[in-house]
Amino acid sequence: MQQGTLMRKVKSKSWKKQRYFKLQDDCMTIWYQSKRTGKTESAFSISDVETVREGHQSEVLQSLAEEFPPERCFTIVFYGRRGNLDLIAGSVEEAQCWVQGLRQLIDPRSFALTFALLSLTWIRDWFQKADKNKDGRMNFKEVQHLLKMMNVDMNEDHALRLFQDADKSESGTLEGEEFVFFYKALTQREEVQSLFQEFSEDGKKLTLLELVDFLRQEQLEDEGTEEMAMELIDKYEPSETARARHVLSADGFLMYLCSPEGSIFNPQHRVLWQDMNQPLCHYFISSSHNTYLIEDQICGQSSIEGYIRALKRGCRCLEVDCWDGPNGEPMVYHGHTFTSKIPFREVVSTLGKTSWGNSSSPPPLMGTSPPSSHPQSWALQGISLSPTPQELKHKILLKGKKIGRLEDTLDGPGDEMPNVSDDDNGAEAEEERRRAKVVLMDDAPIIQQGSALQKDKESLAQALSDCVIYCKNVSFRGFEEAHSHSRPSEISSLSEAKARKLIRDAGNEFVRHNAWQLTRIYPSGMRTDSSNYSPQEMWNVGCQIVALNFQTAGMEMDLCDGLFSQNGRCGYVLKPPFMRDEETLFNPSDPSSREGPSPITLTIQVISGQQLPKVANSKDGAIIDPLVRVEIHGVPADQAHQETKYIENNGFNPRWDETLQFQLHVPELALVRFVVEDYDKTSRNDFVGQFTLAFANIKPGYRHIHLLSKDGTGIPPSSLFVHIRITE
C-alpha cells in the first residue's frame with residue numbers, strides 16, 4: 001500500500017506535524033497516519049466533508065501566512081461540530097490535486113455517482129461496525145447486533161430468513177456481495193415499489209409515456225414533460241440497456257425520487273431566480289449578531305471562524321465590535337465582558353477573502369468602506385439614493401453614524417452632528433452606542449460601526465463619516481417622525497422587545513415603514529447564552545435585517561436557513577408585493593387585510609422515513625420511536641403544528657401513512673418545518689432531524705425531504721418520503 005501524500009497537519013502556530021494522507025480504493029474514505037510511527041491516527045468518510053476552503057481561510061492558517069503561501073494551504077470543513085482539518089501541502093500541485101479531487105467527490109451535482117457511492121459507503125460502514133472480530137465475515141449474531149445499531153427492531157425469524165437467503169455459499173456467514181444482497185433486501189422500499197407498479201403496465205419498467213403520465217398526474221409537471229422524462233432516464237437509470245430503450249427501471253425510479261429533481265425543494269428556486277433590481281428595503285437580508293462570537297456572550301471565544309461560517313451560510317450582514325487594543329491596534333470582542341479578542345486586521349482580511357466566494361456577481365455586503373474614495377463618484381455612476389442589490393454588486397456598505405445626510409454629502413460636507421441611537425433605555429442602548437458593527441448585504445455589504453471611545457456629544461471623524469453612505473444610523477422616535485424627517489438612505493436599530501411592542505400596537509404602520517426604509521432588529525442584552533428570538537414575527541412586518549446568533553442551533557436558525565436557502569443562497573429574498581407598497585393595508589394580525597387570492601390548503605401525507613439517525617448520547621442498543629411533526633410559521637393566524645403517531649422501535653424504515661392538513665391565509669410569508677423526534681412518554685422528546693423551507697419553494701407531488709441535523713448540516717442518507725398537495 002502506498003504511503004500517501006505527506007502534508008503538515010496544523011493545530012496551532014507551533015503545532016505542525018507531518019502526516020501521510022491517502023484516499024482509499026473505495027474513493028470514499030481518507031486515512032492519515034504519523035510519519036514518525038507509521039500508526040494510523042484517524043480516518044473519515046467523504047460523506048462527512050461539507051466543503052474545502054483554499055488558502056489562509058482559518059485562524060490557524062492565517063497565523064502562518066508569512067511562513068507558508070496560500071496556494072499550499074487548505075482547510076477541510078466537516079458537517080456538525082467536528083473540528084476543521086487545516087493542512088499544508090508540500091507543493092502547489094499537491095494542494096490543488098487534493099482540493100479539486102475532494103470538491104469533485106463531494107459535488108452534489110454529480111448526484112447519480114454520489115448516490116451510488118453513498119449507498120456503498122453506508123453499507124461498508126455498517127459492515128465494519130458490526131464485524132466484531134474483524135474477519136471480514138458476519139455471522140447471524142453479528143447481524144442481530146447490526147440491526148440494533150441501524151435502528152431496526154426486527155422479528156428474529158424474519159431476520160434469519162433474510163440472512164439465509166443472502167448466504168449463497170451456505171457458510172453460515174455473510175461476506176462481500178452476500179452482505180450487499182442482505183442489505184438491499186433489508187432496505188426494500190415497498191411504498192416506492194407500489195407507486196412504481198401503479199404506473200408500470202408490466203410492473204418491471206416505466207416506458208417513456210408512462211413516466212410522462214407520472215410526472216404530469218402526480219408531480220404536477222406541466223411544461224416540457226417529455227423532455228424532462230428523457231433527461232431523468234439519461235441521468236438516473238443505472239442500466240445502459242434500459243437507457244438505450246428510453247425506459248426507467250425500479251432502481252432508476254428510486255434514484256430519481258431521491259434526487260434534487262425529486263426533492264420537496266423546487267430546484268428552480270435553488271438558483272438566483274428573483275428580481276434583484278428593487279431597492280434594498282424590499283428584501284429580507286440574512287443577518288447575524290455579534291458574528292465574531294462562536295459561543296456565549298460573556299466568556300465565549302471570539303474567532304474569525306464565526307465570520308467564515310456565517311458567510312459560507314449566506315449571511316450578508318455581519319457585525320464587528322471594535323475596541324482600542326495594545327499599541328493602538330483595534331481589537332474585536334464583546335466589550336465589558338470576558339470574551340476573547342481578535343485583531344481587527346484579521347477580521348477585515350478574512351472578509352476580503354471570503355465575502356464574495358466564487359460568485360461572478362455577488363450580492364452586496366454590509367461592511368467595510370466602499371471602493372470609491374468619495375460618494376460623489378457613486379452618484380456619477382448612476383446609483384440612486386435607493387440603490388438595488390444589482391447596482392451594488394461587489395460593494396460593501398458601512399452602517400453607522402454620519403455627519404449630515406447623503407444629499408448633503410453629495411453637495412459638500414455638512415455640519416450636522418452624529419446622532420447617537422437612543423432607541424431603548426438601559427444596558428441595551430448603552431451597548432448599542434458602544435459597539436462597532438459590520439453589516440454585510442447581498443451584493444453590497446453593509447458595515448455597522450460605532451466608536452467604543454466616543455461620548456454622546458463628541459464629534460465624529462469626517463473620514464469615518466464619509467464611509468457611511470446609504471446606511472446612516474438614526475434614532476427611531478416613531479413612525480410619524482420617521483416619515484417626516486428620515487430618508488430611505490437611513491436605518492434604525494431596534495431591540496426585539498421594542499420591535500414586538502410596535503408590532504402589537506402599530507402593525508400596519510410598521511409594514512409601511514419597512515416598505516421604504518431599512519430596519520435592523522437585534523437580540524435582547526439578557527440573552528447572555530446567545531439564544532435567539534423567533535425571526536418570523538419580525539419578517540411578518542417586513543423588517544429586513546433581523547440579526548440572529550448564528551452559533552446557536554435551534555428552531556430560530558432553522559427558520560433563517562429555511563428562508564435564505566433559496567435564490568442562490570445569496571442572502572437576499574424579495575418581500576411579497578403587498579409588503580413593498582408604502583400604502584399597503586396589510587397588517588399581520590389581520591390576514592384579511594392582505595389583497596390577493598383566498599386562503600390555500602396544504603395537504604401533506606407523511607408516508608415513510610429512511611435510515612433515521614440515533615439520538616445523540618443514546619444507550620447502546622437503544623432504538624428510536626420516531627414521529628414527524630409539521631410546523632407552520634407565519635402570521636399569527638397561520639401558526640400551527642400537527643404530528644403523526646410514533647412508530648415503536650424503528651428508526652430504519654418507519655411507515656406512518658398519515659395525512660396532515662393546514663390552511664394558510666398568507667402563504668407568501670409562511671415557512672414549513674418538518675421535525676423528526678424520538679418519542680418519550682416520561683420526558684421531553686429527543687430531536688432526530690429537521691428540514692425547513694419557505695412555502696413558496698415547495699414542489700407538490702411525491703417528494704423526499706433530506707433531513708438536516710440540529711446545526712443545519714446534512715445527515716445522509718436520512719430522509720422522509722411525503723406526498724404534497726396544494727389547493728385553493
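Counting from 1, one number per residue, gives the positions in the sequence shown under UniProt numbering. All C-beta atoms, glycine included, are put in the ideal place defined by N, C-alpha and C.
In this structure, how does DSSP classify residue i when only helix, strand and coil are distinguished?
i, result
"Phe-721", "strand"
"Lys-472", "strand"
"Phe-578", "helix"
"His-56", "coil"
"Thr-350", "helix"
"Glu-556", "helix"
"Ile-264", "coil"
"Arg-243", "helix"
"Asn-650", "strand"
"Glu-643", "strand"
"Gly-609", "strand"
"Asp-620", "coil"
"Cys-281", "helix"
"Lys-341", "coil"
"Asp-324", "strand"
"Arg-703", "strand"
"Ile-715", "strand"
"Ile-294", "coil"
For residue i and chain D, any beta-carbon pair shorter than 8 Å?
i, result
"Ala-166", "Checking the listed chains, one finds no chain D in this structure; it contains a single protein chain."
With DSSP as the reference, please indicate the residues paired to residue i in a beta bridge.
i, result
"Lys-22", "Trp-31"
"Gly-689", "Val-676"
"Leu-548", "Ser-288"
"Thr-187", "Paired residues: none, contrary to the question."
"Phe-78", "Val-49"
"Ala-43", "Trp-31"
"Asp-135", "Answer is none; Asp-135 lacks a bridge partner."
"Thr-519", "Ser-492"
"Thr-601", "Gln-663 and Thr-727"
"Ser-587", "The question names Ser, yet the displayed sequence has Asn at residue 587. Asp-590, per the DSSP bridge assignment."
"Val-630", "Gln-642 and Phe-674"
"Ser-249", "Lys-205"
"Asp-529", "Bridge partners of Asp-529: none, in fact."
Run the CB neighbour count on residue i, radius 10 Å, all protein chains shown included, and call it buried at 16 or more, exposed below.
i, result
"Val-635", "buried"
"Asp-442", "Reliability of the predicted coordinates at Asp-442 is poor, the pLDDT of 42 falling under 50, and no value is obtained from them."
"Glu-537", "buried"
"Gln-551", "buried"
"Cys-281", "buried"
"Thr-682", "exposed"
"Trp-15", "exposed"
"Gly-262", "buried"
"Pro-364", "buried"
"Thr-692", "buried"
"Ser-12", "exposed"
Can you tell me where the alpha helix (DSSP H) with residue i in it begins and where it stops?
i, result
"Trp-656", "Here Trp-656 belongs to no alpha helix (DSSP H); instead the beta strand (DSSP E) covers 655 to 664."
"Gly-507", "507 to 514"
"Val-99", "92 to 106"
"Phe-695", "Counting along the chain, Phe-695 falls outside any alpha helix (DSSP H), and DSSP gives it neither H nor E."
"Asp-466", "462 to 467"
"Leu-215", "208 to 217"
"Trp-539", "536 to 539"
"Thr-225", "225 to 236"
Within its chain, find whatever has a CB closer than 7 Å to the CB of residue i; leave out the 5 residues flanking it on each side and keep chain order.
i, result
"Glu-490", "Lys-472, Val-474 and Gln-517"
"Gln-57", "Thr-75, Ile-308, Lys-353 and Thr-354"
"Met-7", "Arg-19, Phe-21, Leu-87, Ile-88, Ala-89 and Gly-90"
"Leu-195", "Tyr-702"
"Phe-476", "Asp-423, Ala-482, Ser-492 and Leu-494"
"Ile-624", "Asn-151, Leu-612, Lys-614, Val-615, Gly-651, Asp-678 and Val-688"
"Asn-532", "Pro-523, Leu-548, Asn-549, Thr-552, Gly-554, Glu-556 and Met-557"
"Lys-457", "Unreliable positioning characterises Lys-457 in this predicted model, as indicated by a pLDDT of 37, which lies under 50. A coordinate reading is not provided."
"Phe-697", "Looking at the sequence shown, residue 697 is not Phe but Asn. So the list reads Phe-265, Asn-266, His-269 and Gln-566, once near-sequence residues are dropped."
"Lys-132", "Glu-142"
Note down, in chain order, each residue of its chain lying with its Cβ closer than 8 Å to the Cβ of residue i, except the 5 sequence neighbours on either side.
i, result
"Tyr-307", "Thr-291, Tyr-292, Leu-318, Val-347, Thr-350, Leu-351 and Thr-354"
Residue range of the beta strand (DSSP E) that residue i falls in?
i, result
"Lys-399", "396 to 400"
"Met-331", "330 to 332"
"Leu-162", "From DSSP, Leu-162 is part of no beta strand (DSSP E) but of the alpha helix (DSSP H) over 156 to 166."
"Arg-8", "5 to 10"
Below 6 Å CB to CB, which residues in the same chain sit around residue i once its five sequence neighbours on both sides are set aside?
i, result
"Leu-248", "Leu-206, Leu-211, Ile-233 and Glu-237"
"Arg-137", "Thr-173 and Glu-175"
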